[in-house]
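By this note's numbering, the letter at position 57 of the sequence shown is numbered 128, and the numbering carries on one by one without gaps.
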Amino acid sequence: MAEKILIVDDDLETLRLIGMMLQKQGYQVVSAKDGTEAISLAFSEHPDMIVLDIMMPDPDGYQVARHLRSDPQTAPIPILMFTAKSQLEHKVAGYEAGADDYLTKPVHPTELIARIRALFTRAKSRGTGPLLTRRGYVVGIMAAKGGLGVSTLALNLGLAYYQKTRAEVIAAELRPGQGTWGGELGFTQDDGLTSLLAMNASDITLEDVERHLTSTTYGIRLLLTTHKAADSTRLVNAIPQLEVLLFHLFTLGSFITLDIGSPYTPGLEKMLSMIDELILVTEPQPHSVKRTGQLIEELPTLGFSSTKALSVIINNRVRADLQLSAVQIQEMLNRIKTPFIPGVTEQSYQAAMRNIPLGFLQPDGIYMQQVNELAAGYAARLRNDQFRSAGFPTTSS
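Next up, the structure:
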């Protein structure tokens, strides 16, 4: 039986011309003139591929793609975005929404047919699964200032999640010139991020990003960056590269932690717009908590949507008689819950001397107990989300 292709475009003449062309090639054709009809037909007609325009009335092509990718019934369908939007940011947004290929108008019919055939070939070679690995859940971690344990938490949260789930986990340093993991863990090559940022954005592929990940004996992979002052400005003129590499990175793991650093990291707005959740780390000192509160108020202007999850963790790294209590911090930040993570200066030193993560030095220590609890919460929540999307009843975590 001939493959069935769903064409989605609000221009009726485009629908007619593409439909005729595909029918001449032996394909079955189903047409939708808007996003709502496209979603309905995707479920009722079970197309083998969708050729999707972007510029349509609400919902637009991006929204349609995200909706279809979020449902297990339609997630495996190959999507070819076919649109007049030709800028790099449009292409990245298309891939991020779930497109498997992106083609700009106008195009010669021969190229359109070739792209469609190539997508079908890839689908058959990969079986019934989606052509593009589903996007993982991305947690960004940052603080209003440096030195509050952001890097340590980003690394060990990834390790703890892997220990809980055995899922594909990636932890990434996103501060060129300020990397710490490579040196602390004894890796001789730590230029994965800076090497990718040096490429042309349009040349960065999924394979490039995967090749620059560092495998570890701990079960997770790392995107490392250097600790060289000369690299500290790499991101300033490389935001397009950052966007492309993050898009690919997010498809390579099911759980990704990002060491964002501070609000002064170049590309912060792009990072915040692409993550699923943000953890802010602070300390129980008045000025630090005040700065964290100011940052929370500023987040919507920095690209972080108010609909995304935001949590605050208190790193009690210095024992002091005079410090804010949990209740005082919650009142200052207007937060219901602000978990404390104890400081472990001596253990961190020992871990660095042995070139191992803190979580492997003392997996049952007081610090990792809190991090493990955090990871367990993510594991339970994401598992429930997967069950819910598949139509199964869930239990509260």
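Glycine residues also receive a C-beta, built at the ideal position from the N, C-alpha and C atoms.
P357 (DSSP reduced to helix, strand or coil): P357 falls in the helix class under three-state DSSP.
H298 beta carbon near the ligand MG (any heavy atom closer than 6 Å): Ligands are entirely absent from the displayed structure, and the ligand MG is therefore not among its contents.
DSSP three-state label for E314, please. helix
Using 8 Å for Cβ pairs, my map puts A238 next to S325. What's the rounded Cβ distance? 5 Å
Can you find at least 3 beta carbon pairs, one from the stretch 399-412 and one from the stretch 431-447, that sit closer than 8 Å? Yes, the stretch 399-412 is in contact with the stretch 431-447.
Restricting to runs no shorter than 3 residues, where is the beta strand (DSSP E) found entirely within the stretch 266-319? The qualifying runs are 292-294.
For the stretch 256-271 against the stretch 209-225, are there 3 or more C-beta pairs whose distance is under 8 Å? no
For F59, name the three-state secondary structure that DSSP assigns. Any answer about residue 59 is impossible in this case: the structure gives the chain only from 72 up to 468.
Distance between beta carbons of T296 and R246, contact taken as under 8 Å: 6 Å
Would you tell me roughly how many angstroms separate the C-alpha atoms of V163 and V122, rounded to the nearest one? Straight-line spacing of the CA atoms in V163 and V122 works out to 17 Å.
L123 in three-state terms, based on DSSP: Strand at L123.
Can you look up A136 in the DSSP assignment and give me helix, strand or coil? In the structure shown, the three-state DSSP call for A136 is helix.
Give me the Cα-Cα distance between A170 and Q249, rounded to the nearest whole angstrom. C-alpha separation (whole angstroms): 34 Å.
Where does I78 sit, in a helix, a strand or coil, going by DSSP? strand
Identity of the residue in G90, T276, T285 and E340 nearest F318 by Cα: The option with the nearest alpha carbon to F318 is T276.
Whole angstroms is fine: what's the gap from S111's alpha carbon to I78's? 13 Å
Taking the alpha helix (DSSP H) that F258 falls in, what are its first and last residues? No alpha helix (DSSP H) holds F258; DSSP gives it neither H nor E.
Going by DSSP in three states, F431 sits in which element: helix, strand or coil? helix
M91 burial status per 10 Å Cβ neighbour count (16 or more: buried): Residue environment: M91 is assigned as exposed (fewer than 16 neighbouring CB atoms within 10 Å of its CB, all protein chains considered).
Give the range of the beta strand (DSSP E) segment to which F326 is assigned. F326 to G332
Less than 7 Å between the C-beta atoms of S333 and G374, yes or no? no
Check whether the Cβ atoms of L228 and V442 lie closer than 7 Å to each other. Cβ atoms of L228 and V442: closer than 7 Å.
State buried or exposed for M424, treating a residue as buried only when at least 16 other CB atoms are found within 10 Å of its CB. exposed
In angstroms with no decimal places, state the Cα-to-Cα distance between S286 and R452. 27 Å
For I110, the first and last residue of its enclosing alpha helix (DSSP H): G106 to E116
Buried or exposed for V398, going by 16 or more other Cβ atoms inside 10 Å? Its Cβ having fewer than 16 others within 10 Å, V398 is exposed.
CA-to-CA distance, P118 to A109, given in whole angstroms: 11 Å
Nearest neighbour of A301, chosen from G106, D262, L320 and K341 [CA to CA]: D262
Does the stretch 168-182 come within contact of the stretch 129-143, defined as at least 3 CB pairs closer than 8 Å? Yes, the stretch 168-182 touches the stretch 129-143.
Note down the Cα distance separating P355 from V240, rounded to an integer number of angstroms. 30 Å
Could you give the first and the last residue of the continuous beta strand (DSSP E) run that contains A380? A380 to N387
Reduced DSSP category for F375 - H, G, I as helix; E, B as strand; rest coil: coil
Threshold first: 4 residues or longer. Then list the alpha helix (DSSP H) segments lying entirely within the stretch 153-238, N to C. 159-168, 180-196 and 221-236
Whose C-beta lies closer than 6 Å to the C-beta of L306 among residues of the same chain, with five residues either side of it excluded? P247, P337 and G338
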